[in-house]
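Position one of the sequence shown corresponds to residue 410 (the working numbering), numbered consecutively onward. Report on one structure; see the data block that follows.
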Amino acid sequence: MSKQQAVSVLAPTYQNPSMPLYLALENGQRVNVAHCTANLRGNQGISIHIDVADPALCAANRAALTPAVMGFIGGVLDQAEANGVPVKGIAGE
């Protein structure tokens with residue numbers, strides 16, 4: 410009789426959604442100020458990273474950038490949940 414290995418029912422998924430954040434300056438120039446990335450690792454969880462290229466512009470325009478970042482995080486959580494990653498129990502739900 411051969412030995413069998415246990416296999417996880419929830420297969421890990423490796424997906425990397427990303428989104429650049431741009432600001433339109435008063436002179437019409439568009440500047441990349443940050444980049445959001447996420448790693449969906451199935452039953453190993455989610456990691457979300459925000460790389461800030463211009464801290465001063467981000468700080469000065471926080472009110473404009475916050476909804477975009479929160480929208481990205483919400484989309485990541487929706488995608489993770491659709492792939493079977495447990496995301497319930499988050500504050501505010």
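The C-beta atom is built at its ideal place from N, Cα and C for all residues, glycine as well.
Problem - Leu486, buried or exposed, once every other Cβ within 10 Å from all chains shown has been counted against 16 - result: Locating residue 486 in the sequence shown gives position 77, where the first residue counts as 1. Buried, by the Cβ-count rule.
Practice task
Note down, one range per segment and in chain order, each alpha helix (DSSP H) of at least 4 residues found wholly within the segment 468-498.
Solution key: 471-491
Problem - At least 3 beta-carbon pairs within less than 8 Å: the segment 448-457 vs the segment 432-440 - result: no
Exercise for the section: With distances taken Cα to Cα, identify the nearest neighbour of Asn441 among Gln424, Ala489 and Leu466. Expected result: Against the sequence shown, residue 441 aligns to sequence position 32. Nearest C-alpha to Asn441: Leu466.
Handout entry: Beta carbon of Ile459 nearer than 8 Å to that of Ala472
Key = Counting from one through the sequence shown, the residue named residue 459 turns up at place 50. Counting from one through the sequence shown, the residue named residue 472 turns up at place 63. Not closer than 8 Å, so no.
Exercise for the section: Output the distance between the C-alpha atoms of Val478 and Thr446, rounded to the nearest integer angstrom. Expected result: Walking along the sequence shown from the start, residue 478 turns up at place 69. Walking along the sequence shown from the start, residue 446 turns up at place 37. Roughly 10 Å between the two C-alpha positions.
Problem - Inter-residue CB distance, Asn470 and Asn448 (contact presumed, cutoff 8 Å) - result: On the sequence shown, position 61 is the one that residue 470 refers to. On the sequence shown, position 39 is the one that residue 448 refers to. About 27 Å; that fails the 8 Å criterion.
Practice task
Measure the alpha-carbon distance for Met428 versus Pro464 and round it to whole angstroms.
Solution key: As a first step, residue 428 is located in the sequence shown; it is residue number 19 there, counting from the start. As a first step, residue 464 is located in the sequence shown; it is residue number 55 there, counting from the start. So the two alpha carbons sit approximately 17 Å from each other.
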